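Residue numbering for the sequence shown follows the working numbering, starting at 6 and increasing by one per position. First comes the structure, then the notes that go with it.
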Amino acid sequence: MTLEHTGWRKAIVDMDNKLPLILPGVMLGMILYTVGELVHWHGPHIFHTPTVHAISNEWLIWVFFAYLGMEISVSKLIRAGKFAGMATLGGVIVPPLIAYVLTHNWYIAAGAMATDVAFSLGAMKVITKGKAGVFALLGISLMILAVGDDMGGVAALAGIYAKPNMAWLTVEVLVLLIAFFAGERGVMNFRWRSVDDEGKPGKTNRIQWVIEINSPVFWVILGILNSFVLKFAGVEWILGGCLVFIFAPHNVKHKLIHLVEPVVPIVLFFFGMVNGAIDILDGGAWTWLTFGCVAGGMFGKQIGIFGGGLIGRWLSRGTKFGNVPTSQIYALALWGSCNGTVAIFFVAMAAKAGVITTEMAAQATLGYFLTVPLVYAQTFVFKATGLLKDVPEFQPEPDEAPLHEPEELAAT
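Below you can see the structure in the form of structure tokens.
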């Protein structure tokens, strides 16, 4: 049974599908802060207070990362295939390298590996207008690419800012093992061979213990507890819910996604407004570092995803993805080059850790944000010129469901 949104929940989800609310949030933050500096009104300076940053970049963003974990399925990432896998790998490796060459700062360059799911799918909708079947097969790859890139970003985030405590890291491993067996795995198999009266091996006995836990309350509590474990382990605690929900059963993910999906756009609107509070008329906001983030985040993505996609197509010979047109691979690279939430979050975390200055954070945030309108502009141009066209024969098989739907629902 598919859960449908109604009332204000439906209105927010529909609005975010048409235009991700983080975009107007960032723009509003820029406008308020820039106007405030022009007229010497210091009200917008509240966006840069420790309390507001803690609310926006820690407490509320926990919800976003938890939602990201719900959208990720280990089994589906493993089954993504060589085409989507290589495109994702290219999108994780190449952009940070290009961004580092231009910015000379790994903490900022790491943000270039992120792909914003909402912005990327929104760019695709410029062509598809939300119609079913249009670029459908490519859409599945784009979703896998976006969450795969963000998963790489989550792993990098956990590694870059970790101050490990080995005892608590051991506890974290145990928590994730519990999550795996209670969710993704769901069963434990036991096998033993009996021995007869003469001491000779008898028949093999098997027993399967179903330990899958389908209570959303259990998984929410486990996600919160895991955040405390990460805090004590010296790893960013905001990833606690994300890491647990990755392993949650599909039906639990489906219910929790339905619950938080309308909340996430509001969270990201506030996050965008806080981190977008930049004086764009200040010449110091437009530097080589800003360009480096644009080039690494957008052109680096397009180069990496396109190159990885070509390699993936070659490795997928004999399958449907082995015949994907080159124009379709570029479309995937173009739409996947929207940085956004995770990239900006990387910058915010670097500023919080004191490894970059607030001026550098403003420049990098502006650079990664600019990838979004630039990608949308390119999409409009390619749409007008007819360079991006749907290929009807490249459509998903009937059993290829969207990434966020439970497998058992997809089969009905």
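Don't be surprised by glycine CBs; every beta carbon is placed ideally from N, CA and C. If you're wondering where the values come from, they're calculated on a predicted model, not measured in any experiment.
Original post:
How is F206 classed by DSSP in three states: helix, strand or coil?
Top reply: According to the sequence as given, residue 206 is Pro; it is not Phe. P206: strand per DSSP, three-state reduction.
Original post:
Measuring from the CB of I103, is there a heavy atom of the ligand ATP at a distance below 7 Å?
Top reply: Absence of the ligand ATP is noted for the structure shown, with no ligands found whatsoever.
Original post:
So, helix, strand or coil for R211, using DSSP?
Top reply: Under the three-state reduction of DSSP output, R211 falls in the strand class.
Subject >> Endpoints, the alpha helix (DSSP H) within which N280 is located >> reply: Segment V268 to N280, the alpha helix (DSSP H) holding N280.
**OP:** Buried or exposed for L8, please, with buried defined as at least 16 other CB atoms from any protein chain shown within 10 angstroms of its CB.
**Re:** Its Cβ having fewer than 16 others within 10 Å, L8 is exposed.
**OP:** Measure the C-alpha to C-alpha separation of T295 and G30 and round it to an integer number of angstroms.
**Re:** So the two alpha carbons sit approximately 20 Å from each other.
Original post:
Around the Cβ of L315, are there at least 16 other Cβ atoms within 10 angstroms (buried) or fewer (exposed)?
Top reply: Looking at its Cβ environment, which holds 16 or more other Cβ atoms inside 10 Å, L315 is buried.
Subject >> Contacts around S80, its chain only, beta-carbon distance under 7 Å, and the 5 residues preceding and following it disregarded >> reply: Here the set comprises E189.
Subject >> Residues bridged to V192 (per DSSP) >> reply: Under DSSP, V192 takes part in a beta bridge, and its partners are V215.
Original post:
To the nearest angstrom, how far is it from the Cα of T11 to the Cα of I165?
Top reply: When rounded, the distance between both Cα atoms is 41 Å.
Original post:
Of all the options G90, V40, G302 and F237, which has the alpha carbon lying nearest to the alpha carbon of L286?
Top reply: Of G90, V40, G302 and F237, the residue nearest in Cα terms is V40.
**OP:** Go ahead and pull the three-state DSSP assignment for S342.
**Re:** In the structure shown, S342 sits in coil (DSSP, three-state: anything other than H, G, I, E or B).
**OP:** Note down the Cα distance separating N328 from K205, rounded to an integer number of angstroms.
**Re:** Distance between the alpha carbons of N328 and K205 is about 56 Å.
Original post:
If you draw a straight line from the alpha carbon of F250 to that of P101, how long is it in whole angstroms?
Top reply: A straight line joining the alpha-carbon of F250 with that of P101 spans about 27 Å.
Subject >> G246 versus G95 - alpha carbon distance >> reply: Between the C-alpha atoms of G246 and G95 there is a straight-line separation of about 27 Å.
Original post:
What number of angstroms, rounded off, separates the C-alpha of T93 from the C-alpha of I113?
Top reply: Rounded to the nearest angstrom, the two C-alpha atoms are 20 Å apart.
Subject >> Span of the alpha helix (DSSP H), counted from its first residue to its last, around D21 >> reply: Annotation: the continuous alpha helix (DSSP H) that includes D21 extends over G12 to K23.
Original post:
What are the boundary residues of the alpha helix (DSSP H) that N328 is part of?
Top reply: Segment: none, N328 is in no alpha helix (DSSP H) and carries neither H nor E.
Subject >> contact_flag[the region 56-74, the region 261-269] where n(CB pairs < 8 Å) is 3 or more >> reply: By the Cβ test, the region 56-74 is in contact with the region 261-269, since at least three Cβ pairs between them sit closer than 8 Å.
**OP:** Would you list the residues sitting across from R198 in a DSSP beta bridge?
**Re:** Beta-bridge partners of R198 (DSSP): T209.
Original post:
Cα-Cα, which of F274, W293 and Q383 is closest to S61?
Top reply: That would be F274, whose Cα lies nearest to the Cα of S61.
**OP:** Tell me where the alpha helix (DSSP H) around E364 begins and ends.
**Re:** From DSSP, the alpha helix (DSSP H) with E364 extends over T363 to T390.
Original post:
Hey, how far is the Cα of V272 from the Cα of A355?
Top reply: One C-alpha to the other measures close to 20 Å.
**OP:** Please determine if the region 299-307 and the region 373-389 are in contact, where contact requires at least 3 C-beta pairs separated by less than 8 Å.
**Re:** The region 299-307, when compared against the region 373-389, does touch it at the 8 Å Cβ threshold.
Original post:
How about I27 and G345: are their beta carbons less than 8 Å apart?
Top reply: If you check the CB distance, I27 and G345 come in under 8 Å.
Original post:
Taking DSSP as the reference, what is the three-state secondary structure of S61?
Top reply: For S61, the secondary structure class from DSSP, reduced to helix, strand or coil, is helix.
Subject >> Which of helix, strand or coil DSSP assigns to S232 >> reply: Collapsing the DSSP output to three states places S232 in a helix.
**OP:** Return the CA-CA distance between P25 and F124, expressed in angstroms with no decimal places.
**Re:** Across the structure, P25 and F124 are spaced so that their CA atoms are roughly 6 Å apart.
**OP:** Keeping to the same chain, check which residues put their C-beta closer than 8 Å to that of R198; ignore five residues upstream and five downstream.
**Re:** Here R198 has P206, G207, K208, T209 and N210 as same chain residues with Cβ atoms under 8 Å from its own Cβ, once five neighbours each way along the sequence are excluded.
Original post:
Among C343, L339, L371 and I334, which has the Cα closest to the Cα of V352?
Top reply: Residue L371 is the option with its Cα nearest to V352.
Original post:
Going by alpha carbons, who is nearest to I243 out of L230, F252 and I103?
Top reply: Residue L230 is the option with its Cα nearest to I243.
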